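In what follows, a single structure is set out as C-alpha cells and then discussed.
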Amino acid sequence: MSKKNQKDKPVSLPSHPRPSSAAWASDAGLLAEASPAFLAEHGATVPVPPPGVIQFRPEKPCRLAEIDPDAPGSSDGKAEAETALLAERARIQSLQERLYAERQRSLLVVLQAIDTGGKDGTIRHVFEGVNPQGCQVSSFKTPSAEELDRDFLWRYHQRVPARGMIGVFNRSHYEDVLIVRVKGLVPEAVWRPRYDLINDFERLLTLSGTTVLKIFLHISKAEQKERLESRLADPTKNWKFDPADLVERQSWDAYQAAFQDALTLCGTRLAPWHVVPANRKWFRNLAVARLIADTLEAMDPRFPEPKADLTGITVPD
C-alpha cells in the first residue's frame with residue numbers, strides 16, 4: 001500500500017467529551033499559591049487534550065521517536081474531520097467574541113514545527129472566520145539589529161496579545177533554544193539557561209492573565225521529503241521552496257533532539273506542551289482547532305454586564 005493510501009485509510013474516531021473549566025482542577029493549588037486573586041476570579045484554564053494529542057508536563061519526558069506522526073486511530077477520515085472542523089471553528093468564533101468583549105484576559109497560541117511542519121496551513125484553516133479585530137498572528141524570522149541589541153525575549157514580549165485578544169506565534173521564543181542551538185549561533189553557556197528563563201516568561205504571562213497554549217506539529221522525515229517534493233513539482237508552490245530547507249534537513253536529528261529538550265524542559269504545569277501528530281493535515285487541523293476551542297471554553301470568558309440599566313430604554317425614530 002502506498003504512503004498516500006496509508007494516510008487516507010479510515011480509522012476510528014474516539015468520542016470527545018464536552019470540555020469543562022474544571023478539567024485540570026488538580027493543578028488549582030499551584031495557581032492558588034502563586035496568585036490567589038487570579039485563580040479566585042478566573043479559575044483554571046488548561047483543558048484535557050483532545051483525542052490523539054499528547055500533553056507533556058514535567059513528570060513526563062518527551063520521546064518524539066515514540067510518537068506516531070500518522071496518529072493511528074485518531075480519525076475516521078478526511079470528510080468527517082472536515083465536517084467536525086466547521087463545528088470547532090464556530091466554537092472558536094463564539095468564544096473569541098466573548099473574550100474580546102470581556103477584555104480581561106488573552107490567549108497566546110504558540111506554534112512550533114520543523115520546516116514544512118504545517119504552521120501556516122494550520123493558522124489558515126483553524127482561524128478562518130475569526131474576527132481579525134480580535135486575533136493577531138506574529139511570525140519571527142531572523143532578528144533585526146535592534147532586536148539583537150536587547151535580551152532574547154524582548155522581541156517576543158512586544159507581540160504578546162493584549163487583553164481580549166488571541167495572539168498566534170508562528171515560530172516563537174523557542175527558536176532561541178532550537179535553531180540557535182542547532183546552528184551553534186551562540187555558545188551552549190548562553191542558550192542552556194534560556195529554558196528556565198522561558199519558563200519564567202510564560203509563568204509571568206499566565207499570572208498576568210494570558211493563557212499560553214503551546215502546540216508542536218509533529219511530522220516524519222519521510223513526510224517532510226514528500227512536502228518538499230510537492231513544492232518542486234507544483235509551479236504554484238515553487239515560491240514556497242527554499243534551497244536552504246535542504247541544508248536544514250541535513251540537521252534533522254539535531255533538530256529532533258532540540259525539540260525534545262524544549263518539550264521536556266518547558267512542559268510546565270502552567271503551560272504544558274501539546275504534540276499534535278501532523279502527517280495527516282486534516283487531522284492536524286481538527287486537533288488544533290479542538291485544542292484551541294477547549295482552551296477558550298476552559299477560560300470561560302463572559303460578556304460584561306451593561307454599563308447602565310437598560311430597562312425601559314427605547315431608540316427614538
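Residue numbers (the UniProt record's numbering): 1 to 317.
From the three backbone atoms N, C-alpha and C, an ideal C-beta is built for every residue, glycine too.
As the structure is a prediction and not an experimental result, all values here were calculated from the model.
Identity of the residue in the options nearest residue i by Cα
i: Val212; options: Arg203, His218 and Ser220; result: Arg203
i: Pro272; options: Phe216, Val182, Arg284 and Tyr255; result: Phe216
i: Leu185; options: Lys119, Phe127, Leu148 and Ala113; result: Leu148
i: Leu228; options: His218, Ser208, Arg89 and Arg249; result: Arg249
i: Lys281; options: Gly77, Phe140 and Lys240; result: Gly77
i: Lys141; options: Tyr156, Asn238 and Leu291; result: Tyr156
i: Ala71; options: Leu286, Asn279 and Leu64; result: Asn279
i: Leu205; options: Pro50, Ser106 and Ala254; result: Ser106
i: Ala113; options: Lys214, Ala293 and Thr268; result: Lys214
i: Ser138; options: Asn170, Pro243, Ser144 and Arg150; result: Asn170
i: Ala222; options: Leu178, Thr83 and Asp115; result: Asp115
Between the CA atoms of residue j and residue i - distance to the nearest angstrom
i: Gln158; j: Asp317; result: 46 Å
i: Ala81; j: Glu305; result: 37 Å
i: Thr180; j: Tyr174; result: Position check: residue 180 holds Val in this sequence, whereas Thr was assumed. Approximately 9 Å between the Cα atoms of the pair.
i: Leu108; j: Ile166; result: 6 Å
i: Lys225; j: Ile292; result: 29 Å
i: Phe303; j: Asp242; result: 46 Å
i: Asp300; j: Trp191; result: 37 Å
i: Tyr100; j: Arg163; result: 8 Å
i: Ile92; j: Asn285; result: 13 Å
i: Lys119; j: Gly312; result: 50 Å
i: Leu265; j: Ser208; result: 22 Å
i: Ser251; j: Lys307; result: 57 Å
i: Ser144; j: Asp176; result: 14 Å
i: Ala233; j: Arg103; result: 46 Å
i: Ala258; j: Lys183; result: 11 Å
i: Phe56; j: Lys240; result: 32 Å
i: Ala189; j: Ala254; result: 18 Å
Local Cβ density within 10 Å of residue i, reported as buried at 16 or more and exposed below that
i: Ala40; result: For Ala40, the predicted model reports a pLDDT of 44, less than 50, meaning its position is unreliable; a value from the coordinates is still stated below. Result: exposed.
i: Trp154; result: exposed
i: Thr210; result: buried
i: Glu297; result: buried
i: Asn238; result: exposed
i: Pro61; result: exposed
i: Asp294; result: buried
i: Arg194; result: buried
i: Leu310; result: exposed
Rounded distance between the beta-carbons of residue j and residue i, thought under 8 Å
i: Thr122; j: Val247; result: About 24 Å; that fails the 8 Å criterion.
i: Ser172; j: Val110; result: 5 Å
i: Val130; j: Gln96; result: 6 Å
i: Glu88; j: Arg290; result: 5 Å
i: Gln256; j: Arg63; result: Actually they do not touch by this definition, with Cβ atoms about 10 Å apart.
i: Ile219; j: Gly52; result: Rounded, the Cβ-Cβ distance is 14 Å, inconsistent with contact.
i: Pro277; j: Asp68; result: 6 Å
i: Pro58; j: Thr268; result: 6 Å
Minimum Cβ-Cβ distance from residue i to chain C less than 8 Å
i: Arg290; result: Absent from the structure is chain C; it holds one protein chain and no more.
Mind listing, in chain order, the continuous beta strand (DSSP E) runs of no fewer than 3 residues lying wholly within the segment 87–116? If only uninterrupted beta strand (DSSP E) runs of at least 3 residues are considered, those enclosed by the segment 87–116 are 106–113.
For the segment 262–297, list the alpha helix (DSSP H) runs that are entirely contained and at least 4 residues long, ordered along the chain. Within the segment 262–297, not a single complete alpha helix (DSSP H) segment reaches 4 residues in length.
My parser needs the alpha helix (DSSP H) runs of 4 or more residues fully inside the segment 155–189; what are they? Counting only runs of 4 or more, we get 179–182.
Would you mind listing the beta strand (DSSP E) stretches within the segment 193–227 that are 3+ residues and don't spill past its ends, in chain order? With a minimum length of 3 residues, the continuous beta strand (DSSP E) runs that stay inside the segment 193–227 are 210–218.
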